[in-house]
Every structure is written in structure tokens, then in C-alpha cells.
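Worksheet for the structure shown next.
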């Protein structure tokens, strides 16, 4: 059964560039792993030192394998000194997935 994990990462403002570099390297690595469907970090709009991770995995086992890996241990080690407080994550089991598709031509006035 697919799983989705959403995490909030709370960076220290003076070390944002270092954190962004680490998150970008981690994102590139994890996207290439077997079982990883999506692994994306984004900055929060009102709090630029807060980041959101959205990850989607084929199975809970695939996600757990990453979180037990040496790469994840290295990521955690590199986070030392970059966070204002511990990250928070919620994992959701997915029973059904739907990706809506527009049924007709897009009205240019609706495009942003």
C-alpha cells in the first residue's frame, strides 16, 4: 500500500543556505531510490526558514528502508546545528489515488 509522509523542518535563520544545500542534495538522492515516487522540499511562504517535505513511497517498507539507511543517518548528522527544533512528520497510508485531469480546453483567463 502506498504511503505519503509530510514533514515540517524548522531551520535556524542564520544557517538557511547550509540547510537548503543539504535539503537539495537529499532530495536529488532520494528521488532516485527504488520505491520513491516523490520527495520534494519547499519553503513555507511566511516563514522562509521553515520547510515542508512531501514524500510519496510505493510501500511503507520502501520508506522504512530509506529511514534505516546510511544515507539517512548521514543526513541526520549533517542537520546538527541547522535546526531550531526537531522536525515533525506525519505518515499517511493511501488506499486510493486520483489525479484529476481537465476535461476540456483551458480558458487562457484561468491560467496563472
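Residue numbers (the numbering used here): 573 to 684.
Here a beta-carbon is modelled for each residue, glycine too, at the ideal position from N, C-alpha and C.
Here the structure is a predicted model, which is why all the values come from computation and not from measurement.
Looking at the secondary structure, which residues open and close the beta strand (DSSP E) in which residue i lies?
{"i": "residue 612", "result": "608–615"}
In whole angstroms, what separates the C-alpha of residue i from that of residue j?
{"i": "residue 610", "j": "residue 628", "result": "5 Å"}
{"i": "residue 672", "j": "residue 588", "result": "35 Å"}
{"i": "residue 663", "j": "residue 639", "result": "13 Å"}
{"i": "residue 600", "j": "residue 612", "result": "9 Å"}
{"i": "residue 669", "j": "residue 630", "result": "12 Å"}
{"i": "residue 597", "j": "residue 604", "result": "12 Å"}
{"i": "residue 648", "j": "residue 674", "result": "41 Å"}
{"i": "residue 574", "j": "residue 602", "result": "16 Å"}
With DSSP as the reference, identify every bridge partner of residue i, one or two as the case may be.
{"i": "residue 657", "result": "582"}
{"i": "residue 577", "result": "627 and 663"}
{"i": "residue 622", "result": "582"}
Tell me the residue span of the alpha helix (DSSP H) that contains residue i.
{"i": "residue 593", "result": "588–603"}
{"i": "residue 646", "result": "642–651"}
{"i": "residue 632", "result": "632–639"}
Would the beta-carbon of residue i be found less than 7 Å away from any heavy atom of the ligand MN?
{"i": "residue 584", "result": "You won't find the ligand MN in this model; it holds no ligand whatsoever."}
Kindly confirm or deny that the stretch 635–651 and the stretch 615–624 touch, where touching means at least three C-beta pairs closer than 8 Å. Remark: fewer than three beta-carbon pairs, one from each stretch, lie closer than 8 Å, so the stretch 635–651 and the stretch 615–624 are not flagged as touching.
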